Amino acid sequence: MSPLLIGSLVAGGVLILLSIGFISHSLERARIERARAIAELGSRLKTCRTINAQLPGQYMSTELNVLLTSLEISLLEKLTRLDRKDERARKMLESARQELKKSEPAITNPPVKMDSEIQAKEARLMLENLQTLLVQAHKEGMIDKLALQQWSTQIAEYLFVTSLEVFEILAIQGIRQGKPRVAKLQYERAITYLQQQNNPALTDQILRFKELLKQASDATVQSEQATSADSNELSAGLQELEKTDADWKKKAVYDD
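The opening position of the sequence shown corresponds to residue 33 in the working numbering, with each subsequent residue numbered one higher.
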């Protein structure tokens, strides 16, 4: 066998090995990319369904329900194309399509009274997730620019209301716990937040919070004065005890 033939065979073998490695790498990269795409779609789908089912009723509307159901259908269609064996996604897709066909979609989201910080923060998180979901949907052509702008404005209003509710919730909790200074701080934050909006229509809101701030400030002063008086009484009591103890010790020495 000539050296030239041997060299050709070796080069061919190396080329085959490189080709196999390249193909294997490409297949693995495609598999990873497909798995990543499925996971991302699954995450967005979960967010969409959670918002549709759990968003407080005061923020939910028929229009938003229809929009979220339409996004759910689009995400499920992509998911079933990537994973044709996913029967659960296929059933969910059929169910969502049936729901969208209804003339009056069933909205079961009850209004939620924001009487705790946790509730307000959960509502705010869902609204922020909704905004992110719509921005991504616009990038992928699921909704147009006008729809995104309209819903973004609406979500911003909801977030504004929820933020004020958080300030008030924390302030009320502070007052109930006998911590007026906490209430004072929260009202100050609410006023700063309102002023940052630079909206003349919020003047009444600012005045309302300033009045609440005044009440909290007065309560703080009274609380501090009471604390100071208690401290003075305690000091006087300790001094009296120390004097009594000293007199008793002197008496004990003289008696001895």
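Using N, Cα and C, we set each Cβ at its ideal position, and we do this for glycine too. As the structure is a prediction and not an experimental result, all values here were calculated from the model.
- It is roughly 22 angstroms from the alpha-carbon of Thr82 to the alpha-carbon of Val198.
- Judged by DSSP secondary structure, Lys216 falls within the alpha helix (DSSP H) whose first and last residues are 212-228.
- CA-to-CA, the gap between Leu180 and His170 works out to about 7 angstroms.
- A distance below 6 angstroms between beta-carbons, with the five flanking residues on each side excluded, links Ser106 to the following residues of its chain, in chain order: Met174.
- Pro142 sits close to Gly89, with the two beta carbons spaced by under 9 angstroms.
- Counting C-beta atoms within 10 angstroms of its own C-beta, Asn84 has 16 or more neighbours from the protein chains shown and is therefore classed as buried.
- Shortest Cα-Cα distance from Gly206 to any of Leu178, Ala248, Gln237 involves Ala248.
- In the three-state reduction of the DSSP assignment, Ile64 falls in the helix class.
- The residue among Leu103, Thr194, Ile150, Glu243 with its C-alpha nearest the C-alpha of Thr164 is Leu103.
- Cβ-Cβ separation between Val167 and Leu132: approximately 22 angstroms, too far for a contact (criterion under 8 angstroms).
- At least 9 angstroms separates the beta-carbon of Phe192 from that of Ala222.
- Between the beta-carbon of Glu149 and that of Leu125 there is about 38 angstroms, and that puts the pair past the 8 angstroms contact cut.
- Membership of Arg129 in the alpha helix (DSSP H) is indicated by the continuous run 119-133.
- Taken through DSSP and simplified to helix, strand or coil, Asn84 comes out as helix.
- Going by DSSP, Lys145 is part of no alpha helix (DSSP H) at all; its letter is neither H nor E.
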